[in-house]
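Quick note on our numbering: the sequence shown kicks off at 11 and runs consecutively.
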Amino acid sequence: MSEHYDVIIIGTGAGGGTLAHRLAPSGKRILLLERGGYLPREPENWDSREVFRKERYLSDEYWFDKDGVAYKPHQQYFVGGNTKFYGAILFRLRERDFEEVEHYGGTSPAWPISYADLEPYYAEAEKLYLVHSQTGEDPTEPWRSGPFPYPAVSHEPRIQQLADDFARTGHHPFHLPVGIDLNETDPEAARCVRCDRFDGFPCLTDGKADAHVRCVRPALEHDNLTLRTHGRSSASRPMRAVARSPGSTSAIAARRRPTAPTSSSSPAGQRTPPRCCSGPPMTGIRRVSPTHRTSSGATTWRTSTRA
Ligand SMILES: Cc1cc2nc3c(=O)[nH]c(=O)nc-3n(C[C@H](O)[C@H](O)[C@H](O)COP(=O)(O)OP(=O)(O)OC[C@H]3O[C@@H](n4cnc5c(N)ncnc54)[C@H](O)[C@@H]3O)c2cc1C
11 MSEHYDVIII
21 GTGAGGGTLA
31 HRLAPSGKRI
41 LLLERGGYLP
51 REPENWDSRE
61 VFRKERYLSD
71 EYWFDKDGVA
81 YKPHQQYFVG
91 GNTKFYGAIL
101 FRLRERDFEE
111 VEHYGGTSPA
121 WPISYADLEP
131 YYAEAEKLYL
141 VHSQTGEDPT
151 EPWRSGPFPY
161 PAVSHEPRIQ
171 QLADDFARTG
181 HHPFHLPVGI
191 DLNETDPEAA
201 RCVRCDRFDG
211 FPCLTDGKAD
221 AHVRCVRPAL
231 EHDNLTLRTH
241 GRSSASRPMR
251 AVARSPGSTS
261 AIAARRRPTA
271 PTSSSSPAGQ
281 RTPPRCCSGP
291 PMTGIRRVSP
301 THRTSSGATT
311 WRTSTRA
């Protein structure tokens with residue numbers, strides 16, 4: 011069956027989910043492809059042993075760095091992407107972040123756009139993601155066209171004491187900009203119950219402003235948008251996209267490295283390890299080396315704990 015879409019968005023996280031929300035009212039036929047499914051809503055969402063120690067929601071995937079050393083990338087594949095787990099602290103980049111920046115490891119080149127170009131979009135995104143904070147408190151804050159859309163979340167008593175003490179000694183403590191569905195003057199009007207399960211935990215009450223709750227769910231109210239979960243895009247062949255606007259047509263071709271080659275050789279004749287593959291959870295950093303070829307020609311990989 012052939013299906014045609016005007017736009018295909020891969021992933022439903024901060025990037026894809028937000029884009030879907032923005033494009034859904036356009037009436038274009040949109041396909042939203044998500045590798046994972048919906049995160050199960052279950053008591054374990056708020057169980058720190060399950061979330062952190064047992065890594066209940068982490069993919070058991072491991073990736074390899076340029077030296078062939080395996081590591082767990084801390085990936086979570088669900089509708090909403092990593093925002094299901096994020097701390098929802100939503101800072102804007104600073105103006106100077108758009109300029110050339112010297113880092114210890116090298117130079118980050120200047121962006122082709124400036125903070126001023128993005129400012130209106132930051133303002134829009136802060137409304138969408140329910141960002142709460144107090145304008146003017148953070149001395150490093152870039153200029154803004156208006157105040158934060160929601161008031162700062164009050165500190166816990168001990169944090170308030172610390173903030174007062176810091177302020178007394180000439181420091182500038184400030185309220186973090188946090189994306190949260192919280193109304194401290196009318197708790198009935200919002201979803202957050204102000205529990206102590208936030209950064210790193212999925213939110214059982216949908217009180218965290220994540221991409222699933224704030225973007226994908228409302229976008230799905232538009233009939234022109236289709237979400238396909240467990241739909242993994244694997245661009246093993248070169249992709250070709252054609253963008254049409256009145257009076258012009260542009261073709262964009264992209265070639266992506268296969269993510270899990272079964273075998274390959276470097277110019278020196280050494281096999282390179284797969285860049286990404288699924289496997290049993292790994293507990294330490296391990297070195298990977300090829301062992302033998304199977305009858306199908308695939309190379310198998312042996313791992314050993316790194317000294
Ligand atoms: C514990 C934690 C706390 C964090 N706290 C903060 C914070 O406080 N503030 C902040 O700004 N950032 C925070 N982050 C980082 C933030 O979550 C990410 O920067 C952000 O989610 C990245 O957005 P993204 O759209 O690039 O990717 P993601 O949000 O990860 O979304 C990618 C999506 O694509 C899907 N996908 C991947 N591959 C495929 C494929 N081949 N086909 C189809 N779908 C695919 C994934 O399943 C996922 O849904 C935190 C992250 C974590 C894990």
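Don't be surprised by glycine CBs; every beta carbon is placed ideally from N, CA and C.
Inset, instruction - For the beta strand (DSSP E) holding residue 20, just list the boundary residues, first then last. - result: 17-20
Inset, instruction - For residue 66, collect the residues of the same chain with a Cβ closer than 7 Å to its Cβ; drop the 5 residues on either side in sequence, then sort them by chain order. - result: Excluding sequence neighbours, residue 66 sits near 54 and 60.
Inset, instruction - Return yes when at least one heavy atom of ligand 1 lies under 7 Å from the C-beta of residue 143, else no. - result: no
Inset, instruction - For the alpha helix (DSSP H) holding residue 178, just list the boundary residues, first then last. - result: Residues 167-178.
Inset, instruction - Determine the DSSP secondary structure at residue 219, reduced to helix, strand or coil. - result: coil
Inset, instruction - Go through its chain and collect everything with a Cβ distance to residue 216's Cβ below 8 Å, but skip five positions before and after it. - result: 191, 201 and 223
Inset, instruction - Output the distance between the C-alpha atoms of residue 140 and residue 36, rounded to the nearest integer angstrom. - result: If you take the alpha carbons of residue 140 and residue 36, they lie about 23 Å apart.
Inset, instruction - Measure the Cβ-Cβ separation of residue 34 and residue 232 and say whether it is below 8 Å. - result: In this structure, residue 232 lies closer than 8 Å to residue 34 by Cβ.
Inset, instruction - Please indicate yes or no: does the CB of residue 45 lie closer than 7 Å to some heavy atom of ligand 1? - result: yes
Inset, instruction - Answer yes or no: the CB of residue 321 versus the heavy atoms of ligand 1, is any distance below 7 Å? - result: Limits of the chain in this structure are 11 at one end and 317 at the other, which puts residue 321 out of reach.
Inset, instruction - Provide the residue(s) that pair with residue 13 in DSSP beta bridges, ordered along the chain. - result: Its beta-bridge partners do not exist; DSSP assigns none.
Legend entry - For residue 235, three-class secondary structure by DSSP: strand
Legend entry - Buried or exposed by the 16-neighbour rule on C-beta atoms within 10 Å, applied to residue 143: buried
Inset, instruction - Could you have a look at residue 117 and say whether DSSP puts it in helix, strand or coil? - result: strand
Legend entry - Nearest candidate by alpha-carbon position, reference residue 107, set 152, 68 and 24: That would be 152, whose Cα lies nearest to the Cα of residue 107.
Inset, instruction - Give the secondary structure of residue 71 by DSSP, where H, G and I count as helix, E and B as strand, and everything else as coil. - result: Strand, per DSSP.
Inset, instruction - Could you check what DSSP says for residue 142 in three-state terms: helix, strand or coil? - result: strand
Inset, instruction - Report, in whole angstroms, the separation of the C-beta atoms of residue 30 and residue 19, which I expect to be a contact under 8 Å. - result: Their Cβ separation, rounded to whole angstroms, is 5 Å, which keeps residue 30 and residue 19 in contact under 8 Å.
Legend entry - Same chain, Cβ closer than 6 Å to residue 189, five either side skipped, listed in chain order: Cβ-Cβ distances below 6 Å link residue 189 to 98, 100, 139, 140, 141 and 219 in the same chain, with the five nearest sequence neighbours on each side left out; the list follows chain order.
Inset, instruction - State the DSSP-derived secondary structure class of residue 133, mapped to helix, strand or coil. - result: Three-state DSSP puts residue 133 in a helix.
Legend entry - Cα-Cα separation between residue 205 and residue 126, rounded to whole angstroms: 37 Å
Inset, instruction - Whole angstroms is fine: what's the gap from residue 238's alpha carbon to residue 42's? - result: 6 Å
Inset, instruction - Would you kindly work out how many angstroms separate the C-alpha atoms of residue 209 and residue 95, rounded to a whole number? - result: 6 Å
Legend entry - Nonlocal neighbours in the same chain, by C-beta distance under 6 Å from residue 46, ignoring five residues either side: 87 and 88
Inset, instruction - Please find out if some non-hydrogen atom of ligand 1 comes closer than 7 Å to the beta-carbon of residue 217. - result: no
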